[in-house]
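A.B. asks: Numbering (the UniProt record's numbering), first residue to last: 1 to 445. Heads up, the beta-carbon is just placed ideally off N, CA and C, and yes, glycines get one too.
1) Could you tell me how far apart the beta carbons of residue 240 and residue 342 are, in whole angstroms, since I believe they sit closer than 8 angstroms?
2) Should the segment 261-276 be called in touch with the segment 206-218, which here means at least 3 C-beta pairs below 8 angstroms?
3) Of all the options 119, 326, 100 and 362, which has the alpha carbon lying nearest to the alpha carbon of residue 346?
4) Judging by CA-CA distance, which residue of 44, 286, 247 and 407 is the nearest neighbour of residue 202?
5) Decide if residue 329 is buried, meaning its Cβ has at least 16 other Cβ atoms within 10 Å, or exposed.
6) Select from 170, 21 and 128 the residue whose C-alpha is nearest the C-alpha of residue 137.
7) Keeping to the same chain, check which residues put their C-beta closer than 6 angstroms to that of residue 351; ignore five residues upstream and five downstream.
8) In angstroms with no decimal places, state the Cα-to-Cα distance between residue 191 and residue 220.
9) When the Cα atoms are used, what is the spatial distance from residue 406 to residue 315?
10) What is the DSSP secondary structure of residue 63, reduced to helix, strand or coil?
11) Under 8 angstroms: do the segment 55-68 and the segment 123-130 share three or more Cβ pairs, one atom per stretch?
12) Within 10 angstroms of its Cβ, does residue 53 collect 16 or more other Cβ (buried), or is it exposed?
13) Please work out which residues of its chain come closer than 6 angstroms, Cβ to Cβ, to residue 47, disregarding the five sequence neighbours upstream and downstream, and give them in chain order.
14) On a Cα-Cα basis, can you pick out the residue from 387, 111 and 49 that is closest to residue 286?
15) Tell me the DSSP bridge mates of residue 130?
16) Pop quiz: residue 140 and residue 122 are said to be a contact at Cβ under 8 angstroms. What is the actual Cβ separation, rounded to whole angstroms?
17) Spatial neighbours of residue 281 within its chain, please: CB distance less than 6 angstroms, with the 5 preceding and 5 following residues excluded, ordered by chain position.
18) Apart from the five residues on each side of it in sequence, which residues of its chain come closer than 7 angstroms, Cβ to Cβ, to residue 310?
19) Exposed or buried, which one is residue 211 when buried takes at least 16 other CB atoms within 10 Å?
20) At what residues does the beta strand (DSSP E) containing residue 179 begin and finish?
21) Where does residue 399 sit, in a helix, a strand or coil, going by DSSP?
22) Can you give the Cα-Cα distance for residue 111 and residue 105, rounded to whole angstroms?
23) Quick one: using the 10 Å Cβ neighbour count with 16 as the cut-off for buried, is residue 393 buried or exposed?
24) Just to confirm my understanding: we take residue 354, look at its own chain, exclude 5 residues before and 5 after, and list those with CB closer than 7 angstroms. What are they?
25) Using the C-alpha atoms, what's the distance from residue 357 back to residue 228?
26) DSSP has residue 203 in a bridge; who is on the other side?
27) Where does residue 74 fall in DSSP's three states?
28) May I ask you to report which of helix, strand or coil DSSP gives residue 307?
29) For the alpha helix (DSSP H) containing residue 2, name the first residue and the last one.
30) Do you know offhand how far residue 15's Cα is from residue 291's?
31) At the level of alpha carbons, what is the spacing between residue 196 and residue 223?
32) Three-state secondary structure (DSSP) at residue 95?
33) Report yes if the CB atom of residue 295 is closer than 8 angstroms to the CB atom of residue 391, and no otherwise.
34) Between the Cα of residue 261 and those of 198, 319 and 251, spot the shortest distance and give me the residue it belongs to.
35) For residue 31 and residue 397, I'd like the C-alpha separation in whole angstroms.
36) Does residue 246 come out as helix, strand or coil in the three-state DSSP assignment?
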């Protein structure tokens, strides 16, 4: 909003001409956000009025609703392993087995009304409901870590580093949410590989199949609770429901055919802890404008990225609430109808809220499943549907919130050769063309 005294009204034409394209974009984007959130309908106006009164009186807003998993699931017993079981050489590099620790919610019940009032109204635009925790909590100074000892921390060198999370945030764990559909053998193989995963709180299996698991199905003992939720409807939106069984801020979304080592999982978790408001994951995708089709195009295998696939991605549980309750309903309906694009929807949402791109870690470009007979991305219409999703979501948001990034994080871990597409991203063009003509390519170690 541009505010001027009456005496400066003659200056308006000159002031408007001074605005850059970025200024105009910011004004339009902010205006659209404010209108859609606070004034686009009578219920929104009423909610805005009530939220204003609550803020004036220093009262908290009602909390977002968790999905009560106990109504739609059966819980499987599991036995906690001792620290020695499953302790391999790789585990010794990635950290020790830890006891279960849930994230504490609603720690800022009243301080958020005063300290973060402006941000929640103007930046985050979340004044109508309270979150148990949010992705914007600031880190404490180093005195809290090394002197006050209120949060367990070990020195950041050698073996001590591998046995702690380090960083500037208190010790915490993450929850794995795995989506599965009629692939029991593949699921069991996937779960078995999680045995001994460090800093893992629990595994939630979202059972999208209309049929219950077979009675003689033998679930593996992986050292943490396996919580199975039987869904009434097969929908990819089920991946991002804020289940009450998720008791950690960090959520790792995985497909049941993903193959990631414990080292890769832990490194992704470490990177997410330093970038809590962003999506941190492994395979990335890219969007660009197609002059031929005059639409936005969905691209894989690019040197840049603007999206992270939900098949292997860390995100804050806060975004589960926003995806389920704040994101336009028409997007969720489209995801359910097409059985596609839930990860594109999440990337749109996070980039829209934060104006930040996702972060890719390690060198994974895809996840091949040798034993999988079929999957959703094998359909011939898969990429066409995802291109259509890009353009539909852009119309709904009024712009493309996705941001490109060339950054990706590689850990101080034993590295192997880089994949061809990754290595080419940092090589001169003439060298790439020379290598493409050669019969043998040698990669740096």
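C.D. replies: With the structure as the only source:
1) As a working note, residue 240 is residue 240 in the chain shown. As a working note, residue 342 is residue 342 in the chain shown. Contact flag correct, Cβ pair sits at about 7 angstroms.
2) no
3) Residue mapping note: residue 346 aligns to position 346 of the chain shown, counting from 1. Taking only the C-alpha atoms, the option nearest residue 346 is 326.
4) For the purposes of this step, residue 202 is taken as residue 202 along the chain shown, with counting starting at 1. When each option's Cα is compared against that of residue 202, the closest is 247.
5) Here residue 329 corresponds to residue number 329 of the chain shown, with the count starting at 1. Exposed, since its Cβ has fewer than 16 Cβ neighbours within 10 Å.
6) Along the chain shown, read from residue 1 onward, the residue named residue 137 stands at position 137. The shortest Cα separation from residue 137 among 170, 21 and 128 belongs to 170.
7) Numbered from its first residue, the chain shown carries residue 351 at position 351. Excluding residues within five positions, the ones whose Cβ falls inside 6 angstroms are 401, 402 and 403.
8) By one-based count along the chain shown, residue 191 stands at place 191. By one-based count along the chain shown, residue 220 stands at place 220. Answer to the nearest angstrom: the Cα atoms are 7 angstroms apart.
9) Mapped onto the chain shown, residue 406 falls at position 406. Mapped onto the chain shown, residue 315 falls at position 315. Between residue 406 and residue 315, the C-alpha separation is close to 20 angstroms.
10) By one-based count along the chain shown, residue 63 stands at place 63. Residue 63 falls in the strand class under three-state DSSP.
11) yes
12) The sequence position of residue 53 within the chain shown is 53, counting from 1. Looking at its Cβ environment, which holds fewer than 16 other Cβ atoms inside 10 Å, residue 53 is exposed.
13) For this step, residue 47 is matched to residue 47 along the chain shown. 128, listed in sequence order.
14) Against the chain shown, residue 286 aligns to sequence position 286. Minimum Cα distance to residue 286 is reached at 387.
15) As a first step, residue 130 must be located in the chain shown, where it is residue number 130. Looking at the DSSP assignment, residue 130 forms a beta bridge with 63.
16) On the chain shown, position 140 is the one that residue 140 refers to. On the chain shown, position 122 is the one that residue 122 refers to. Their Cβ separation, rounded to whole angstroms, is 25 angstroms, which puts residue 140 and residue 122 out of contact at 8 angstroms.
17) Residue 281 sits at position 281 when you count from the first residue of the chain shown. Answer for residue 281: 308, 312 and 313, listed in chain order.
18) Along the chain shown, read from residue 1 onward, the residue named residue 310 stands at position 310. Cβ neighbours of residue 310 beyond the five flanking positions: 239, 253, 342, 343 and 346.
19) Here the question's residue 211 lines up with position 211 in the chain shown. Exposed, because fewer than 16 other Cβ atoms sit within 10 Å of the Cβ of residue 211.
20) To locate residue 179, count along the chain shown from 1; it is residue 179. Unbroken beta strand (DSSP E) run through residue 179: 174-180.
21) Position 399 of the chain shown holds residue 399. Looking at residue 399 - three-state DSSP - the assignment turns out to be coil, as it is neither helix nor strand.
22) As a working note, residue 111 is residue 111 in the chain shown. As a working note, residue 105 is residue 105 in the chain shown. Answer to the nearest angstrom: the Cα atoms are 14 angstroms apart.
23) Counting from 1 along the chain shown, the entry for residue 393 is found at position 393. Result: buried.
24) As a working note, residue 354 is residue 354 in the chain shown. Excluding residues within five positions, the ones whose Cβ falls inside 7 angstroms are 277 and 278.
25) Here residue 228 is taken as the residue at index 228 of the chain shown, counted from 1. Here residue 357 is taken as the residue at index 357 of the chain shown, counted from 1. Whole-angstrom Cα-Cα distance: 32 angstroms.
26) Residue mapping note: residue 203 aligns to position 203 of the chain shown, counting from 1. Looking at the DSSP assignment, residue 203 forms a beta bridge with 176 and 226.
27) For this step, residue 74 is matched to residue 74 along the chain shown. Caution is warranted here: a pLDDT of 41 is assigned to residue 74, below 50, making its placement in the model unreliable, and the coordinate value is therefore given only provisionally. Strand at residue 74.
28) Taking the first residue of the chain shown as 1, we reach residue 307 at position 307. Correct three-state label for residue 307: strand.
29) Translated into the one-based positions of the chain shown, residue 2 becomes position 2. Premise fails: residue 2 is in no alpha helix (DSSP H) and is neither H nor E.
30) Translated into positions along the chain shown, residue 15 becomes position 15. Translated into positions along the chain shown, residue 291 becomes position 291. C-alpha separation (whole angstroms): 34 angstroms.
31) Taking the chain shown and counting its residues from 1, the one referred to as residue 196 is at position 196. Taking the chain shown and counting its residues from 1, the one referred to as residue 223 is at position 223. So the alpha carbons of these two residues sit roughly 6 angstroms apart.
32) The residue labelled residue 95 in the question sits at position 95 within the chain shown. Confidence is the limiting factor: at residue 95 the pLDDT is only 46, short of 50, which leaves the residue's position unreliable, though a coordinate-based value still follows. If DSSP states are grouped into helix, strand and coil, residue 95 belongs with coil.
33) Residue 295 sits at position 295 when you count from the first residue of the chain shown. Residue 391 sits at position 391 when you count from the first residue of the chain shown. Cβ atoms of residue 295 and residue 391: closer than 8 angstroms.
34) Indexing the chain shown from 1 puts residue 261 at position 261. Comparing Cα positions, the closest option is 198.
35) Taking the first residue of the chain shown as position 1, residue 31 is located at position 31. Taking the first residue of the chain shown as position 1, residue 397 is located at position 397. Approximately 13 angstroms, taken between the alpha carbons.
36) For this step, residue 246 is matched to residue 246 along the chain shown. Coil at residue 246, not helix or strand.
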